[in-house]
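Protein chains in written order, with the numbering used here: chain A, 1 to 387; chain B, 1001 to 1117. The beta-carbon is built from N, C-alpha and C at its ideal position, and this holds for glycine as well.
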Amino acid sequence: MRRFGTEISFIIYDILWLGCRDLKGVHKSPEMLARYCDLLLKKTGRNYEDQELDELLNQAMIIFKFIEDKDVFQKYYSRMLANRLVGSMSASDDAESSMITKLKVACGYEYTTKLQRMYQDIGLSKDMNEDFKLWLGRQQIAEPMKVDFSIMVLSFGSWPFSQDSNDTFLLPQVLEPCVNIFTQYYQEMHTGRKLSWLYSKSKGEVLANCFGSKYTFVMSTYSIGLLTQYNVKDSYKLYELVEATQLREDVVTQIVQLFMKANILKSFDDEDKLSLQSEIYLFKGYKNKRYKVNLMQPLKTEVKLEDEKTQASVEDGRLMECQAAIVRIMKARKIMEHQNLLSEVIMQLNHRFKPTIQLIKKCIDILIEREYLGRREGEHNTYEYRT
Amino acid sequence: MAASGATNDEMMDIGGAELDNNKNEKMFTLKKWNAVAMWSWDVECDTCAICRVQVMDACLRCQGDGNRQAGGKQPECVVVWGECNHSFHHCCMSQWTQQNKRCPLCQKEWSIQRMGK
């Protein structure tokens, strides 16, 4: 404990003594611990030496053992890991992999399968990019790619991402060859697979020549689609941008707001009072001390959706785990009294989360309905296992 | 008169667009694109009817094997399509065909149409 820095002692204090609950009384400690791990593992200005980092992670693991809702931690951790990996924001590959191993030792193989698969996908993608370049050298392609292209191919189901909801989006023309050529390569290498592109996570570097100095902007594909409209003219009504990109209105509005915050686009209307009729024009006087500007930010609606999904997937997971525990117990015991069943279920699930009585009752009802269990005749309080 | 006016306007438009296009290359040009995509098996039903596990995940048997392996590396667990277009984990299906040469879903004779890779 001698090396506990100020940060970590704060967090221990918060988690173990204050209990940090939000307004609804939900325990925030799993989320906070996941955020702390993210802080350690993310590339920042100051990063730790390998050894020091490993020690800090070990300390985090001590706290992890005290956490009741390990399933909630898992969901948050997986979301943050996903964003680190996809954004190439990991401070160290070794540290990522060693943290996954630590979690596996603490919670078992199943707990980390998806984390491991995510980590593997990134490794596979690196190799694939090399292979793709070689393949490209051997091909005669009518319409070659005009941009420096690289890709990550993730396996569906292991990542906490869902498919893009803006499926009408008009891909900027310069990107079409990339998508077509890579799809061709992928079909040649694999059979029976289909690809879906996550444009909101795909980022590009745009060189801007219309301002005083040359700037490079890093932004999502949707933002590229919107900003390159200004190659044609300097001003659009918001509804014209919606038409030109075929993105949803709320998405366009958020992207425009993002550009307005960055001082690249301007409007006569206030940032938060934009309407379809708002005039959005390019601000030619743009200035920045930095020549490379990062405009890659997740949209608010997207973050909100992800939050909701994290919540929902925790609840779904608990429902399944609880039912499985009940079936396991009843399969072994055949007949069991209500109170005994409750305590045994709680005991079995304790290493993952603390089930509420409500949840267990709900699961029992589901299982009775699906005829896994039945109430014993005459003894209403006793269940029997039905085969 | 009106007609000729329109063509005139059109010509102006085209000229303008071309000029803009030339200017274009200079305004915003995309240099680099780091794409992200997700792959999944191209199946009609995403659950394997034999082991009731999602076809994207390894089948139950393979998950158990992976569990036992110290390295924890998941063995390759691919998908197989029959001529009837039904799909299962290849491992599950090869077990099944040892007892029964028919598709468990439609009872047609099982023959492999393609294998996932």
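Query raised in the report: From E302 (chain A) to Q1095 (chain B), what does the alpha carbon distance come to, in whole angstroms?
Result: Taking the first residue of the first sequence as position 1, residue 302 (chain A) is located at position 302. Taking the first residue of the second sequence as position 1, residue 1095 (chain B) is located at position 95. The straight-line gap from Cα to Cα measures roughly 43 Å.
Report task. Report the three-state DSSP secondary structure of H1089 (chain B) (helix, strand or coil). Result -> For this step, residue 1089 (chain B) is matched to residue 89 along the second sequence. The answer is strand: DSSP assigns H1089 (chain B) an E or B state.
Query raised in the report: When you compare each of A:D316, A:S196 and A:D269 to V179 (chain A) by their alpha carbons, which one comes out closest?
Result: By one-based count along the first sequence, residue 179 (chain A) stands at place 179. Out of A:D316, A:S196 and A:D269, A:S196 has the C-alpha closest to the C-alpha of V179 (chain A).
Query raised in the report: To the nearest angstrom, how far is it from the Cα of L53 (chain A) to the Cα of A324 (chain A)?
Result: Working through the first sequence from its first residue, we reach residue 53 (chain A) at position 53. Working through the first sequence from its first residue, we reach residue 324 (chain A) at position 324. Approximately 38 Å, taken between the alpha carbons.
Query raised in the report: DSSP beta-bridge partners for F217 (chain A)?
Result: Position 217 of the first sequence, counted from the start, is the residue given in the question as residue 217 (chain A). Beta-bridge pairing links F217 (chain A) to A:V206 and A:V293.
Query raised in the report: Per DSSP, D148 (chain A) forms a beta bridge with which residues?
Result: To locate residue 148 (chain A), count along the first sequence from 1; it is residue 148. For D148 (chain A), which the question treats as bridged, DSSP gives the partners B:K1032.
Query raised in the report: Can you tell me whether DSSP reads L57 (chain A) as helix, strand or coil?
Result: What you label residue 57 (chain A) is simply residue 57 of the first sequence in a count that begins at 1. In the structure shown, L57 (chain A) sits in a helix (DSSP, three-state: H, G or I).
Query raised in the report: Nearest to V242 (chain A) by alpha carbon, out of A:N231, A:D234, A:L258 and A:G225?
Result: If you number the first sequence from 1, residue 242 (chain A) lands on position 242. The shortest C-alpha separation from V242 (chain A) is found at A:G225.
Query raised in the report: Are the C-beta atoms of D1042 (chain B) and some chain A residue less than 7 Å apart?
Result: As a first step, residue 1042 (chain B) must be located in the second sequence, where it is residue number 42. Closer than 7 Å: yes.
Query raised in the report: Do you know how far the Cα of Q277 (chain A) is from the Cα of A244 (chain A)?
Result: As a first step, residue 244 (chain A) is located in the first sequence; it is residue number 244 there, counting from the start. As a first step, residue 277 (chain A) is located in the first sequence; it is residue number 277 there, counting from the start. C-alpha separation (whole angstroms): 15 Å.
Query raised in the report: Comparing the CB of M1027 (chain B) with every heavy atom of the ligand PLP, is any distance shorter than 6 Å?
Result: Annotation note on the ligand PLP: not contained in the displayed structure, which lists no ligands.
Query raised in the report: When DSSP builds the beta bridges, which residues end up paired with W1039 (chain B)?
Result: For the purposes of this step, residue 1039 (chain B) is identified with residue 39 of the second sequence, where counting begins at 1. In the DSSP output, where bridge partners are listed per residue, W1039 (chain B) has A:S155 and A:L195.
Query - Interface flag, T228 (chain A) vs chain B, CB-CB below 7 Å - result: Residue numbering aside, residue 228 (chain A) sits at position 228 when the first sequence is read from its first letter. For T228 (chain A), the answer is yes, since a Cβ of chain B falls inside 7 Å of its Cβ.
Query raised in the report: Taking the alpha-carbon positions, what's the C1092 (chain B) to N1100 (chain B) distance?
Result: Within the second sequence, numbered from 1, the residue matching residue 1092 (chain B) stands at position 92. Within the second sequence, numbered from 1, the residue matching residue 1100 (chain B) stands at position 100. Answer to the nearest angstrom: the Cα atoms are 12 Å apart.
Query raised in the report: Helix, strand or coil: how does DSSP classify L276 (chain A) here?
Result: The count along the first sequence starts at 1 and reaches residue 276 (chain A) at position 276. Note: L276 (chain A) maps to coil in three-state DSSP.
Report task. Kindly indicate which three-state DSSP category L349 (chain A) falls into: helix, strand or coil? Result -> Here residue 349 (chain A) refers to the residue found at position 349 when the first sequence is read from its first residue. Helix, per DSSP.
Query raised in the report: Under 7 Å, do F156 (chain A) and M1038 (chain B) count as touching if we go by C-beta distance?
Result: The residue labelled residue 156 (chain A) in the question sits at position 156 within the first sequence. The residue labelled residue 1038 (chain B) in the question sits at position 38 within the second sequence. Going by C-beta atoms, F156 (chain A) is nearer than 7 Å to M1038 (chain B).
Report task. Tell me whether S1040 (chain B) is buried or exposed, calling it buried when 16 or more other Cβ atoms sit within 10 Å of its Cβ. Result -> Position 40 of the second sequence, counting from 1, holds the residue named residue 1040 (chain B). When all chains shown are included, S1040 (chain B) counts as buried.
**Report entry** Proximal chain A residues relative to D1065 (chain B), where beta-carbon distance stays under 9 Å
**Finding:** Locating residue 1065 (chain B) in the second sequence gives position 65, counting from the first residue. By Cβ distance, chain A contributes nothing, its closest Cβ being about 11 Å from D1065 (chain B), past 9 Å.
Query raised in the report: Relative to the alpha-carbon of A95 (chain A), which residue among A:A106, A:E110, A:K43 and A:D127 has its alpha-carbon at the smallest distance?
Result: Working through the first sequence from its first residue, we reach residue 95 (chain A) at position 95. Among A:A106, A:E110, A:K43 and A:D127, the Cα nearest to that of A95 (chain A) belongs to A:K43.
Report task. Would you list the one or two residues that DSSP bridges to E384 (chain A)? Result -> By 1-based counting over the first sequence, the position of residue 384 (chain A) is 384. Looking at the DSSP assignment, E384 (chain A) forms a beta bridge with A:I335 and A:G374.
Requested in this report: Thinking L41 (chain A) and S90 (chain A) are a contact (beta carbons under 8 Å), I'd like their distance in whole angstroms, please.
Outcome: Position 41 of the first sequence, counted from the first residue, corresponds to residue 41 (chain A). Position 90 of the first sequence, counted from the first residue, corresponds to residue 90 (chain A). Going by Cβ atoms, the distance from L41 (chain A) to S90 (chain A) rounds to 6 Å, so yes, they are a contact pair.
Report task. State whether the stretch 70-88 of chain A contacts the stretch 306-323 of chain A, with contact taken as three or more CB pairs (one from each stretch) at a distance under 8 Å. Result -> yes
Query raised in the report: Using the beta-carbon count (16 or more within 10 Å), is E371 (chain A) buried or exposed?
Result: As a working note, residue 371 (chain A) is residue 371 in the first sequence. Its Cβ having fewer than 16 others within 10 Å, E371 (chain A) is exposed.
Query raised in the report: With a cut-off of 8 Å, do at least 3 Cβ pairs link the stretch 173-192 of chain A to the stretch 138-157 of chain A?
Result: yes
Query raised in the report: Would you say E306 (chain A) faces chain B, with C-beta separation under 7 Å as the test?
Result: Residue 306 (chain A) sits at position 306 when you count from the first residue of the first sequence. No, E306 (chain A) lies away from the interface with chain B (no Cβ there is under 7 Å from its Cβ).
Query raised in the report: Got a sec, what are the start and stop residues for the beta strand (DSSP E) E1115 (chain B) sits in?
Result: One-based indexing of the second sequence puts residue 1115 (chain B) at position 115. Contrary to the premise, residue 1115 (chain B) reads as Met rather than Glu in this sequence. M1115 (chain B) -> beta strand (DSSP E) spans I1112 to M1115.
Report task. Give the secondary structure of V1080 (chain B) by DSSP, where H, G and I count as helix, E and B as strand, and everything else as coil. Result -> For the purposes of this step, residue 1080 (chain B) is taken as residue 80 along the second sequence, with counting starting at 1. Strand, per DSSP.
Query raised in the report: Residue ranges of each beta strand (DSSP E) run of no fewer than 3 residues wholly in the stretch 231-268 of chain A, ordered along the chain?
Result: 235-237 and 265-267
Query raised in the report: Between L420 (chain A) and the rest of its own chain, which residues show a CB-CB distance below 8 Å, the 5 nearest in sequence each way excluded?
Result: Nothing can be reported for residue 420 (chain A), as the shown portion of chain A is limited to 1 through 387.
Report task. Taking S235 (chain A) as the reference, give the member of A:F283, A:T310, A:V251 and A:F211 with the closest Cα. Result -> As a first step, residue 235 (chain A) must be located in the first sequence, where it is residue number 235. Residue A:F283 is the option with its Cα nearest to S235 (chain A).
Query raised in the report: Is the Cβ of E205 (chain A) closer than 7 Å to any Cβ of chain B?
Result: Position 205 of the first sequence, counted from the start, is the residue given in the question as residue 205 (chain A). Output row for E205 (chain A): interface = yes.
Report task. Using a Cβ cut-off of 9 Å, pull out every chain A residue sitting near R1114 (chain B), in sequence order please. Result -> Along the second sequence, one-based indexing puts residue 1114 (chain B) at 114. Per Cβ cutoff of 9 Å: T191 and G192.
Query - chain B residues whose Cβ lies nearer than 9 Å to that of F161 (chain A) - result: As a position in the first sequence, residue 161 (chain A) is number 161, starting the count at 1. Neighbours of F161 (chain A) on chain B, chain order: V1036 and M1038.
Query - Listed by chain order, chain B residues near A208 (chain A) by CB distance under 8 Å - result: For the purposes of this step, residue 208 (chain A) is identified with residue 208 of the first sequence, where counting begins at 1. Per Cβ cutoff of 8 Å: M1027 and F1028.
Query - Close-in-space but distant-in-sequence residues of the same chain around K201 (chain A) (CB under 6 Å, 5 per side omitted) - result: On the first sequence, position 201 is the one that residue 201 (chain A) refers to. Closer than 6 Å at the Cβ level, and outside the excluded window around K201 (chain A), lie V86.
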